[in-house]
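Notes follow once the structure below has been shown.
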Amino acid sequence: MSDRLAGIRQEILDGISQLSSSRAVYEFKKKFMDSKTGKIGQLMKEMKTIAPEERASFGKGVNELKEWANRRFDELDEKMRARELQRRYESEKIDVTMPAEMAETGNLHPITQTRNQLIDVFAGMGFEIFEPKEIENDYYNFTALNTPKDHPARDMQDTFYLSPDFLLATQTSAAQIHAMETRELPIKMLAPGKVFRSDDDATHSPMFHQMEGLVVDKKITLCDLKGMLDMFVKKMYGEGTTTRLRPSYFPFTEPSVEVDVSCFECGGKGCKLCKGTGWIEILGAGIVNKKVLENCGIDSEEYSGLAFGIGIERVAMLKYGIDNIKLLFESDLRVLRQIDDN
Ligand code: PHE
Numbered sequence: 021m022s023d024r025l026a027g028i029r030q031e032i033l034d035g036i037s038q039l040s041s042s043r044a045v046y047e048f049k050k051k052f053m054d055s056k057t058g059k060i061g062q063l064m065k066e067m068k069t070i071a072p073e074e075r076a077s078f079g080k081g082v083n084e085l086k087e088w089a090n091r092r093f094d095e096l097d098e099k100m101r102a103r104e105l106q107r108r109y110e111s112e113k114i115d116v117t118m119p120a121e122m123a124e125t126g127n128l129h130p131i132t133q134t135r136n137q138l139i140d141v142f143a144g145m146g147f148e149i150f151e152p153k154e155i156e157n158d159y160y161n162f163t164a165l166n167t168p169k170d171h172p173a174r175d176m177q178d179t180f181y182l183s184p185d186f187l188l189a190t191q192t193s194a195a196q197i198h199a200m201e202t203r204e205l206p207i208k209m210l211a212p213g214k215v216f217r218s219d220d221d222a223t224h225s226p227m228f229h230q231m232e233g234l235v236v237d238k239k240i241t242l243c244d245l246k247g248m249l250d251m252f253v254k255k256m257y258g259e260g261t262t263t264r265l266r267p268s269y270f271p272f273t274e275p276s277v278e279v280d281v282s283c284f285e286c287g288g289k290g291c292k293l294c295k296g297t298g299w300i301e302i303l304g305a306g307i308v309n310k311k312v313l314e315n316c317g318i319d320s321e322e323y324s325g326l327a328f329g330i331g332i333e334r335v336a337m338l339k340y341g342i343d344n345i346k347l348l349f350e351s352d353l354r355v356l357r358q359i360d361d362n
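In this note's numbering, the protein residues as written are 21 to 362.
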């Protein structure tokens, strides 16, 4: 019997030297120690078949073997685990002096940046934002703006009609009517939105952005308009910039003006940007036509208004020196990355 025990002991010693991981130690240990299938476990079961006089020394021998084996396995297990932990530490070692991987951040689109700057300027003067619609009906886009169906001014804007009555908004001016119909007086609103015209060249795109401004109150005059626009161009293009108003025509404003900004490139001397004139056309504006106020149920004897419509792409192109509007719509990161004012 003691030969058998010695054999098992030898088997363990031989096996142990081959083991190289804690997992292998665990498996190898099970082969001996498992109470049902393990070699030592089985010896314990054999107890009852042993002659009574030998039982005590057999039991003692098995127990000694068991304790010895357990110690071997525990020692080895501890060694293996320490080695494995060490290996893990080494493989996961972090070099804290290494430069961090930078997360790439994008920037807002130039049109969004420009829109936000415009909003900032006018919000500072007390304007509230009013959301224009992209699909309008004929009444809001034209008729209520004093541009009835047979009016020649409809030719100024090449309209995309969806049906005889519905169309893609050609101007944010439609928001003037919605604001006057729904807001309490006085009104001071800014409506930034998308507009659509069948028009396509280096400075025109079938879809572009406008920002409508509308003020309706008692005693509003062209001076208020000029004052606000002067403030706007100074904030947008620099302190030295001013505006000049030229007579123009829009059906919904009377008088109507075309607003020029003094050339911020050459300071008015004349250059390529201002085509030698010292002035750059920047927006359309005017005093709200009395007919428009009346179409919205506003007493035109008591109230008057001013309105302006700014082309956001135009402001952005002038500000960032972009000569083709398409650059703003091509999503070319080489262009977009250069414009980051926020
Ligand atoms: N809606 C006009 C346009 O699109 C601009 C404008 C707005 C003019 C408000 C006067 C007043 O050209």
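C-beta atoms are modelled at their ideal positions from N, C-alpha and C, and glycine is treated no differently.
Any non-hydrogen atom of the ligand PHE within 8 angstroms of residue i CB
i    : result
G296 : no
S193 : yes
A199 : no
S276 : yes
G287 : no
T263 : no
F270 : yes
F328 : yes
V235 : no
P176 : Checking the displayed sequence, the identity of residue 176 turns out to be Met instead of Pro. It does: the Cβ of M176 is within 8 angstroms (strictly closer) of some heavy atom of the ligand PHE.
K215 : Sequence check: residue 215 is Val here, not Lys. Yes - the ligand PHE has a heavy atom lying nearer than 8 angstroms to the Cβ of V215.
L303 : yes
T190 : yes
T163 : no
G306 : yes
T273 : yes
Distance, residue j Cα to residue i Cα
i    : j    : result
F228 : L293 : 21 angstroms
R8   : R107 : What is shown of the chain runs 21 to 362, which leaves residue 8 out entirely.
K238 : Q196 : 17 angstroms
E363 : T261 : No answer is possible for residue 363: the residues shown for the chain start at 21 and end at 362.
D220 : F252 : 28 angstroms
S276 : G304 : 8 angstroms
C316 : E201 : 6 angstroms
L356 : P130 : 7 angstroms
K59  : E110 : 38 angstroms
S193 : N161 : 7 angstroms
K208 : V116 : 56 angstroms
V281 : E301 : 6 angstroms
L30  : I114 : A small fix is needed here, since residue 30 is Gln in this sequence, not Leu. Their backbone Cα atoms lie some 44 angstroms apart in a straight line.
L234 : L326 : 6 angstroms
K68  : E112 : 54 angstroms
D185 : D158 : 5 angstroms
Residue i (DSSP reduced to helix, strand or coil)
i    : result
T273 : strand
T134 : helix
L165 : helix
P72  : helix
P172 : helix
V235 : strand
E278 : strand
N157 : strand
D221 : strand
Q358 : coil
A189 : coil
S320 : coil
D177 : In the sequence as presented, Asp is not what sits at residue 177; that position holds Gln. Three-state DSSP puts Q177 in coil, outside helix and strand.
S351 : coil
F150 : coil
M145 : coil
E95  : helix
G81  : helix
G342 : According to the sequence provided, residue 342 is Ile. The question's Gly does not apply to it. It is coil, neither helix nor strand.
Residue i, enclosing alpha helix (DSSP H) - first and last residue
i    : result
N315 : K310 to N315
Q196 : A194 to T202
G247 : L242 to Y257
S42  : S42 to M53
S22  : S22 to I36
M118 : From DSSP, M118 is part of no alpha helix (DSSP H); its letter is neither H nor E.
E66  : K59 to E66
The beta strand (DSSP E) enclosing residue i, as first and last residue numbers
i    : result
L210 : I207 to F216
G329 : S324 to G331
Heavy atom of the ligand ADP within 8 angstroms of residue i beta-carbon
i    : result
E232 : This structure simply doesn't include the ligand ADP; it includes the ligand PHE instead.
Cutoff 9 angstroms: residue i Cβ touching any chain D Cβ
i    : result
I300 : Annotation note: the requested chain D is absent from the structure, which comprises a single protein chain.
Quiz prompt | Touch test, the stretch 171-183 against the stretch 139-150, Cβ-Cβ under 8 angstroms, three pairs minimum | solution = no
Self-check item: Sufficient close CB pairs (3 or more, under 8 angstroms) joining the stretch 120-128 to the stretch 77-85
Solution: no
Exercise. Please determine if the stretch 101-116 and the stretch 206-214 are in contact, where contact requires at least 3 C-beta pairs separated by less than 8 angstroms.
Key: no
Quiz item: Touching or not, the stretch 255-266 and the stretch 218-226, by the rule of three or more beta carbon pairs under 8 angstroms?
Solution: no
Self-check item: the stretch 339-351 / the stretch 304-318 touching (three or more Cβ pairs under 8 angstroms)
Solution: no
Quiz prompt | Given 8 angstroms, three or more beta-carbon pairs between the stretch 324-332 and the stretch 281-301 | solution = no
Quiz item: Would you call the stretch 160-168 and the stretch 270-283 touching, i.e. three or more CB-CB distances under 8 angstroms?
Solution: yes
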